[in-house]
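Okay, so here's the structure we're looking at.
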Amino acid sequence: MLVQQPVFGQTRNGTPVITIGPYRYNLASGYKGAKSRWTCTRYACGCRSTIFTVDNIIVQHKKEHNHYKR
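Numbering-wise (this note's numbering), the sequence shown opens with residue 59 and increments by one.
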């Protein structure tokens, strides 16, 4: 199994994003401090894949994507 490394970046508008392979995650609001929640960019379409980071290290991944890769 090939594990793909997360790439931290920003959109053109300055919004933080994480890209893991073909999937992108947006930073969810409401988290302060070192812990952050990131939701799939297709969240509005029903995808509930979520990752949690602490100091930019992924510590948890919940739910698989329910859509095809882009």
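Quick reminder that beta carbons are idealized off the backbone N, C-alpha and C, glycines included.
Thinking C-alpha only, which one of the options is nearest residue i?
{"i": "G91", "options": "T111, T99 and C103", "result": "T111"}
{"i": "W96", "options": "G79, N84, A102 and Q68", "result": "N84"}
{"i": "P80", "options": "N114, V65, G104 and A86", "result": "V65"}
Would you identify the three-state DSSP class for residue i, choosing helix, strand or coil?
{"i": "C98", "result": "strand"}
Which two residues bound the contiguous beta strand (DSSP E) that contains residue i?
{"i": "G67", "result": "V65 to Q68"}
{"i": "Q118", "result": "I115 to K120"}
I need the straight-line Cα distance from residue i to residue j, nearest angstrom please.
{"i": "T77", "j": "H123", "result": "14 Å"}
{"i": "L60", "j": "C98", "result": "For L60, the predicted structure reports a pLDDT of 48, less than 50, and the residue's modelled location is therefore unreliable. The matter cannot be settled from this model."}
{"i": "G67", "j": "P74", "result": "6 Å"}
{"i": "Y126", "j": "Q62", "result": "17 Å"}
{"i": "R70", "j": "K121", "result": "28 Å"}
{"i": "H119", "j": "G72", "result": "24 Å"}
In terms of DSSP beta bridges, what is residue i paired with?
{"i": "N84", "result": "V75 and T97"}
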